[in-house]
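**Student:** Each step along the sequence shown adds one to the number in this note's numbering, with nothing skipped, and position 238 is 317.
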Amino acid sequence: MTGETLVLSNKSKAIGFILLSALGFAMMSVFVRLAGDLPFTQKSFFRNAVAMVVAAVLLKRDGSGFRWEKGNLPLLLLRASCGTLGIFCNYYAIDRLVLADANILNKMSPFFAILFSLFLLKERANLFQYGMVLVAFGGSMLIIKPRFSAEAFPAFIGLLGGIGAGAAYTAVRALSQKQEKSARIVFFFSTFSTLVTLPFLIFDFHPMSGLQFVYLLGAGFAATLGQFGVTLAYAHASAKEISVFDYSQVLFTALFGFFLFGQIPDWMSVVGYAVICGVSVVTFLYNRTVESRGQARGPV
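1. Give a yes or no on whether the C-beta atoms belonging to residue 212 and residue 183 are separated by under 8 Å.
2. Count the CB pairs spanning the region 189-203 and the region 310-321 that are closer than 8 Å, and state whether there are at least three.
3. How should residue 98 be labelled, buried or exposed, when 16 other C-beta atoms within 10 angstroms of its C-beta is the threshold for buried?
4. For the alpha helix (DSSP H) that contains residue 122, what are its first and last residues?
5. The alpha helix (DSSP H) spanning residue 176 covers which residue range?
6. Out of curiosity, what's the CA-to-CA distance linking residue 111 and residue 167?
7. At the level of alpha carbons, what is the spacing between residue 242 and residue 330?
8. Between the C-alpha atoms of residue 174 and residue 371, what's the straight-line distance to the nearest angstrom?
9. Are at least three pairs of beta-carbons, each pair with one atom in the region 263-277 and one in the region 136-151, less than 8 Å apart?
10. Whose CA, out of 94, 297, 130 and 105, lies closest to the CA of residue 303?
11. Is it the case that the region 153-166 contacts the region 245-258, given that we only count it when at least three CB pairs across the two stretches are under 8 Å?
12. Inspect the beta-carbon positions of residue 360 and residue 215 and report whether they are closer than 8 Å.
13. For the region 110-124 and the region 343-363, state whether three or more C-beta atom pairs, one from each stretch, are separated by less than 8 Å.
14. Looking at residue 325: is its Cβ nearer than 8 Å to the Cβ of residue 118?
15. Quick check: what's the CA-CA separation for residue 254 versus residue 153?
16. Quick check: what's the CA-CA separation for residue 362 versus residue 179?
17. Where are the beta strand (DSSP E) runs, 3 residues long or more, that stay fully inside the region 180-254, in chain order?
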């Protein structure tokens with residue numbers, strides 16, 4: 080396999096994983112909202128506990144063990160702490176904002192991932208790539224038409240969640256470059272988050288119905304799908320190459336809203352869908368063209 084083919088193969092895998100992640104996190108948001116009036120820390124516990132068990136089973140099955148690679152503990156702690164902050168803020172926003180508003184605030188994470196990548200990984204995006212992310216964000220704004228004025232504090236918390244997620248995804252990329260296994264990254268993060276939320280569960284437990292418990296399990300499995308997807312995606316490509324595809328979560332959320340809740344998008348939303356899909360295709364073709372020209376030119 081040539082170097083060019085390998086790069087394209089890795090990027091194609093990364094795009095597939097980020098789309099899978101977007102689907103998982105969209106499903107998670109639906110389940111979290113359906114779970115009703117429960118503390119966001121209680122919802123977070125079940126989300127993290129499920130991911131922890133799944134990751135532990137995978138690590139046990141392939142025999143790789145739970146011990147992280149030498150020198151990776153600081154990055155693992157950065158990923159876990161920022162990721163936990165992101166979950167808390169996202170669940171808080173989901174419970175208090177319009178679901179679409181909370182979703183787009185969390186989708187600020189690719190912007191921050193590109194920014195953090197500049198300092199932590201020395202990965203620079205060009206003006207075209209920055210522009211495409213901004214256009215995709217504009218398409219998302221057409222879809223959700225966020226109402227920030229009446230809910231300033233929850234909106235600020237939701238934005239803080241996007242910052243935490245962006246930092247966490249950058250740490251995932253750095254860990255993958257240091258040969259840390261994806262399942263181990265997920266296990267460390269999920270275990271950390273589960274331990275952080277455990278005291279809240281013990282001292283502020285709210286009784287749940289059977290259906291609420293099922294919804295929380297569903298949120299946990301959906302989040303696990305999303306977590307493994309995003310971890311594998313950033314292991315195969317940089318934020319500047321794949322972050323725009325993460326906006327497909329907005330499309331998935333709109334579809335779930337239509338089929339589960341009877342929500343019909345207006346014309347501005349339809350335009351937003353077209354913008355996001357168009358940006359995804361244009362960005363993919365642009366990156367492929369740039370890489371092909373670089374391979375043809377050869378080393379300088």
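By construction, the Cβ of each residue, glycine as well, lies at the ideal position given by its N, Cα and C atoms.
Fair warning: this is a prediction, and the values are worked out from it, not measured in the lab.
**Tutor:** Concretely, from the data shown:
1. Residue 212 sits at position 133 when you count from the first residue of the sequence shown. Residue 183 sits at position 104 when you count from the first residue of the sequence shown. No; because the gap between Cβ atoms is not below 8 Å, this pair is not in contact.
2. Counting Cβ pairs under 8 Å, three or more are found: they touch.
3. By one-based count along the sequence shown, residue 98 stands at place 19. It counts as buried.
4. Residue numbering aside, residue 122 sits at position 43 when the sequence shown is read from its first letter. Segment 119-141, the alpha helix (DSSP H) holding residue 122.
5. For the purposes of this step, residue 176 is taken as the residue at position 97 of the sequence shown. DSSP places residue 176 in no alpha helix (DSSP H); its state is neither H nor E.
6. Looking up residue 111 in the sequence shown gives position 32. Looking up residue 167 in the sequence shown gives position 88. Between residue 111 and residue 167, the C-alpha separation is close to 12 Å.
7. Against the sequence shown, residue 242 aligns to sequence position 163. Against the sequence shown, residue 330 aligns to sequence position 251. Taking the straight line from one Cα to the other gives about 22 Å.
8. Taking the sequence shown and counting its residues from 1, the one referred to as residue 174 is at position 95. Taking the sequence shown and counting its residues from 1, the one referred to as residue 371 is at position 292. Cα-Cα distance, rounded: 46 Å.
9. yes
10. Taking the first residue of the sequence shown as 1, we reach residue 303 at position 224. Among 94, 297, 130 and 105, the Cα nearest to that of residue 303 is on 130.
11. yes
12. Translated into positions along the sequence shown, residue 360 becomes position 281. Translated into positions along the sequence shown, residue 215 becomes position 136. When the beta-carbon positions are compared, residue 360 and residue 215 stay at least 8 Å from each other.
13. Not touching, per the Cβ criterion.
14. Residue numbering aside, residue 325 sits at position 246 when the sequence shown is read from its first letter. Residue numbering aside, residue 118 sits at position 39 when the sequence shown is read from its first letter. No, the Cβ-Cβ distance between residue 325 and residue 118 is not below 8 Å.
15. Taking the sequence shown and counting its residues from 1, one reaches residue 254 at position 175. Taking the sequence shown and counting its residues from 1, one reaches residue 153 at position 74. Inter-residue distance for residue 254 and residue 153 is about 10 Å (C-alpha atoms, whole angstroms).
16. Position 283 of the sequence shown holds residue 362. Position 100 of the sequence shown holds residue 179. Cα to Cα, the separation comes out at about 24 Å.
17. none
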